[in-house]
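Chemist: Top line first, the protein sequences correspond to chains A and B.
Under numbering that gives the first Met the number 0, the first residue of the first sequence carries the number 0, and numbering increases by one thereafter.
Under numbering that gives the first Met the number 0, the first residue of the second sequence carries the number 0, and numbering increases by one thereafter.
There's a structure below that I have some questions on.
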Amino acid sequence: MTNSGGQQDLFSGKSGRGNVSWSDPGPAEGCWLGLNTNQRRLFSALQDGWLRPPPPNSGMLLGAGTYVPEHCDGGKQPISVRLKFDVRKLPRLDVLAFRDKGWVRWDPNEVELTDFSALYWPGTLPMFAVSALEVATDEEQARLTGLARQFSNVEIPVPITVGTAAPADLSFSMPKAEAGMELAVPNDSDAIRGSMSMAIWAVPRIDPWLDVLVASLSSDRARLAKSAAKVEADWWRAPPWVTPSADRPVGNLQDGLWRAAVEVFRECSDKNSTGPEELAEKIAGGARSRYGSSEVEVAKWQGKTKGILRAETTIQLDDWRDCPVGMTIQLVLARPEPTNFKTWIQDMPNLPPKVWWSAAALCGLKHGYKKLAIGFRGQAALQEALSVHALRLSNAALRELHWPNLSGDPSWCREASGFTIFWGDKKIDQKPNGSRGQWYAADFGNEDVRRQAKTVAKHMKWPCLHKDLKLPSSHLHNSGPGTMSVQGRELNIRGDVELRLPSSFIIKETLDVNDFRHHLVVAAGRLPPPPTAPVADTVVQQVGIPGLTYVPDFLSEAEEKNIVAEIDQNDWINDLKRRVQHYGWRYDYKARKVNATLRLGQMPEWAQTIAQRLVQRDLVYELPDQVIVNEYIRDQGISKHVDAKSSFADGIAMISLLESWEMVFRNQGGRGKRKEILRLERRSATIMAKEARYQWSHEIPKRKTEPAVSSPGNEKKRGRVKRERRLSLTFRKVLSER
Amino acid sequence: MLDHLQQAWVVPDSSHLVVDEGQDLPKGFFAYVSHHVARALTVFADDDQALSRQRTTLEQIKRAANLDDPIILKRNHRNTPEVAAVAEHFHSGRLPAAEVTRGSNGELPRLIRSRNIDYTAALVSNWRQTRGGAIGVVVYSNQQTGVELHRKLKERLPESRVDIYQHDEKNEDSTNVLADGVTVLNKKSVKGQEFDALFILELRRFIPCTNDSERRAMYMMCSRARDNLFLVYGPENLSDRAWQALPGPEILERQ
């Protein structure tokens, strides 16, 4: 295989996915590849996120545990920079390594990397794999630090150390590569990554928008369509980082403008030489010709945009109602630099979330990632996830390439202080709570919250207040020309009626909570912070078991009905005798634990609402992030158990739905055996903490009937009723290293 | 005075002095600071941007302070190529114009005819509301136009910073011209500043340039704009000679 010059045909006999060769466990920990380069190459790579092979090469030589020098121009006063790349962070590509005068294919499971002197990396190296950065002197360390500070888009990822390196063995030459899998990063990747970074930076901190964000980053188009419809931003069915399906007319103005803008901004991200008016013209042209938007509507938008860009007029806040995407594009054209774009927050604080967020994503698309200031890029884990995802989206040949440190789909979860965004089981970003998000999660079961929400709704002029007329038993005379008829529970009125009301009528103003929450998601305007006053109307009963709290009527009848309907729309798991659904994290019944790989993503909205309520009413300390739905049919039950102590935090809540069944608690402690029976009424919450959670077991007896509720004064005569169906929702906080 | 200081053996007690805009200081100043104030002296100067007729050339500074040959800064990091092209139109210096390093933004500087001061105020405030950033408005005289324009802009932009820099009020330190907002200033005050967008009003007072000093002033003013430059005249038309003094429409768009 080896020729006299130490060269070999790379990848011969292999093609396509066959090149992905490493299997687990892969390279050993502490294994590194070294490159000796200069400060220019370093800064360029840090801006880009990728270290590209110096032209005309398509790959790079790296030392195996030593530093191979790279001969590139470092300017008048070059600084020699030694970089270590952590092999475990690199994708599993088929690579050649040099040993005994020849290049051979390296399998990390068979041969240690240190047995080789060098490795040929076929393409671009991700900068997130840099694990150490070394220079020769203190002065160079200071110069490199000072130079880095001059760039808004450069951040040295690891501390710069000072040291001397042993000279590398250079008795090899570049192997001749033949067609194989090459880690090539297309230009498109920069625009995509810029857009994703800005989208995550700007995402409205409110549940449905986080749904749209994570759905847009996943490949689940149906989920994206559903979540985009919920926030009334249907154009997000085609996120800026997904290549628009060209030449397919979409008809309406919003979709047409959006898709045309995505195309135009993607093209121009590499250069800024096209002025905003010309860009507006191109977008208008694209919307008309490629996406079938109406000539008249597009011309109207274009004319207005031109006037705005020429300072003949200004953007009016209300414009978003007629043409949200049109306004989105105007915001970007007027302030295309992200640092300047950001000032829209101060200058137009009442922008609706859909316009603000869509514009931020387009701004990132137009601007690209290379020039993006550090403040928009997020933490290292986010940068890593987005580099890989942008590469997957822009280079179809690399879509299946395995990156050991990144797998799974994005998700989010709500925590007490805000939101956490995950990629697979890895935390990639955290967002503090904002006003809207807190309002959205507020406990509307609480009278005080509803009262304050009414004030907000009135102030914001949101039509979510209804007036209910309550009349006592009476006989009312109609003196108007109209007629009235009653059908079931509906009163139909035709024409005007005039009723003389009795003196005891009541007009009640009611908040439509669903409507209010919908406005939080879609409407413009700044909100005051939500009420934080302690909740007064929770009736808590202590039940003679230390640490056990029982809350009757924790859910309303309407809430119970809606939650059951939602649950019944989802798939059940049939592994156990009873049917179950898991949200947030999957529980491994065999291993009796939860681990990081079992993360499912955020809980559904109904579950998040309950979790919030449990915290807001001081029933649990930590916000639950997992719920298991257990369905009990007739004689089904659950034998006595204590919930896995190592997997779940203290404070476990059980919500009972549909029927009221008894639960048996048994003390396992040293003070003798005790047994308590508690009837879990439907819509109640039972919270086990401390002793109740750790020293008492609980069970649902397997039997066909439950004691009937006794009537007052007749307590002794209790019959039994047949069991049919009970749902139990168990809310827990997973203890897991993330 | 210099002789007197020399006889009194007044020696420098500072280690290093940095002087900016050295072209507008008298040459005697450099002799004074180099002999009696600081042991090391660094001067930044561009005599192509000198405002006064009594400018001090680089050669004069070098001789007066006994400095080495100047290091010529050859790169322009401030202006877009479009803005630099208009500034260079008025460039009259001996040294070649610096090489522009910034990329184009695709927007040509514009020549605008204003109907009256309200029209101008609307133009500036619309730009501020739409484009954001730090905006400079240069007037020939604060007393005649600046004060009134400042008042009108404050009315139109109640939420934004709107300042006027007046030489006699010495409010330089309290005016953060680099921050987002609008600053009204005159020809002399704009020296050394930079803005995202710059409006030069009362163009009739600045062109045609009849001597090198006036040309240097136009060069200096135009080069204060980073991204966008507007030359505004009106309501009276420009004279024929003023029109001839302007760059062509391929460099300066007519509106």
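We treat Cβ as the ideally placed atom computed from N, Cα and C, and that holds for glycine.
(1) Would you identify the three-state DSSP class for A:P409, choosing helix, strand or coil?
(2) At which residue ranges does the segment 163-205 of chain A contain complete alpha helix (DSSP H) runs of 4 or more residues, listed in the order of the chain?
(3) Beta-carbon within less than 7 angstroms of A:E508's beta-carbon, same chain only, minus the 5 sequence neighbours each way: which residues are those?
(4) Considering Cα atoms alone, identify which of A:V619, A:G302, A:K674 and A:P337 is closest to A:E698.
(5) Go to A:P352, then tell me how far its beta strand (DSSP E) extends in each direction, as first and last residue.
(6) In three-state DSSP terms, what is A:A532?
(7) B:R215 and B:Q48 - do their beta-carbons sit closer together than 9 angstroms?
(8) Along the chain, where does the beta strand (DSSP E) containing A:F664 start, and where does it finish?
(9) Please specify which runs of the alpha helix (DSSP H), each continuous and at least 4 residues long, are wholly inside the segment 72-123 of chain B, giving them in chain order.
(10) Chain A partners of B:W126, CB-CB under 7 angstroms?
(11) Is the beta carbon of A:V579 closer than 9 angstroms to that of A:W571?
(12) Using a cut-off of 9 angstroms between C-beta atoms, extract the partners of A:E277 located in chain B.
(13) By the criterion of Cβ-Cβ separation under 7 angstroms, what are the contact partners of A:I328 in chain B?
(14) Based on DSSP bridge pairs, tell me the residues matched to A:F647.
(15) Quick one: is B:E158 near chain A, going by C-beta distance under 9 angstroms?
(16) Hey, A:R289 and A:A259: beta-carbon distance below 9 angstroms or not?
(17) Between A:D189 and chain B, is the shortest Cβ-Cβ distance under 9 angstroms, so that the two count as touching?
(18) Applying a beta-carbon distance threshold of less than 7 angstroms, which residues of chain B neighbour A:S272?
(19) Find the residues of chain B that neighbour A:A333, judging by a C-beta separation of less than 8 angstroms, and give them in chain order.
(20) Once the 5 residues before and after B:V17 are set aside, which same chain residues still bring their CB inside 7 angstroms of it?
(21) Pull up the CB-CB distance for A:D442 and A:Q611, whole angstroms please, since I reckon it's below 8 angstroms.
(22) Along chain A, which residues have their Cβ under 9 angstroms away from the Cβ of B:D179?
(23) Just how far apart, CA to CA, sit B:L108 and B:R253?
(24) Does the beta-carbon of A:I199 have 16 or more other beta-carbons within 10 angstroms, so that it is buried, or is it exposed?
(25) Compare the C-beta of A:A535 against all C-beta atoms of chain B and say whether one is closer than 9 angstroms.
(26) Could you please give me the residues that DSSP links to A:Q451 through a beta bridge?
(27) Got a sec, what are the start and stop residues for the alpha helix (DSSP H) B:H149 sits in?
(28) Could you give the C-beta distance for A:L618 and A:T548, rounded to a whole number, given that I count them as a contact under 8 angstroms?
(29) In chain A, which residues lie less than 7 angstroms from B:L200 when you measure between Cβ atoms?
(30) What in chain A is Cβ-close to B:L230, meaning under 8 angstroms?
(31) Counting along the chain, where does the beta strand (DSSP E) carrying B:Y232 start and finish?
(32) I'd like to know if B:L123 contacts chain A, where contact means its C-beta is closer than 9 angstroms to some C-beta of that chain.
(33) Using the beta-carbon of each residue, which ones in chain B are nearer than 7 angstroms to A:T313?
(34) Looking only at its chain, what residues have a beta carbon closer than 7 angstroms to the beta carbon of A:N432, apart from the 5 residues adjacent to it on each side?
Modeler: Checking against the coordinates, here is how it stands:
(1) strand
(2) 187-201
(3) Around A:E508: K453, L464 and K466.
(4) A:K674
(5) Per DSSP, A:P352 belongs to no beta strand (DSSP E); it is in the alpha helix (DSSP H), P352 to H366.
(6) Reliability fails at A:A532, whose pLDDT of 48 lies under 50, so the model's placement of it is uncertain and no value is given.
(7) yes
(8) W660 to N666
(9) 80-88
(10) A310
(11) yes
(12) G105
(13) Residues of chain B passing the Cβ test: none, with the nearest at roughly 13 angstroms.
(14) A:F647 is bridged by DSSP to A:V733.
(15) yes
(16) yes
(17) no
(18) G102, S103 and G105
(19) T129, R130 and G131
(20) T41
(21) Confirmed, Cβ separation roughly 7 angstroms.
(22) Within chain A, the residues near B:D179 are N339, T342, Q345 and D346.
(23) The sequence shown places Pro at residue 108 of chain B, not Leu. Each residue's alpha carbon lies about 9 angstroms from the other.
(24) buried
(25) Its pLDDT being 44, under 50, A:A535 is placed unreliably by the model, and the measurement read from it follows with that caveat. No, because no Cβ of chain B sits closer than 9 angstroms to the Cβ of A:A535.
(26) According to DSSP, A:Q451 bridges with nothing at all.
(27) V146 to R155
(28) Indeed they touch by this definition, with Cβ atoms about 6 angstroms apart.
(29) Neighbours of B:L200 on chain A: none; closest Cβ ~14 angstroms, over 7 angstroms.
(30) What B:L230 touches in chain A: nothing, since even the nearest Cβ is about 14 angstroms away.
(31) A224 to Y232
(32) The amino acid at residue 123 of chain B is misidentified as Leu; the sequence shows Val. True, the Cβ-Cβ gap to chain A drops below 9 angstroms.
(33) Simply N125, Q128 and T129.
(34) Short of 7 angstroms from the beta carbon of A:N432, and not among the five residues preceding or following it, lie these beta carbons of its own chain, in chain order: R204, S416 and G417.
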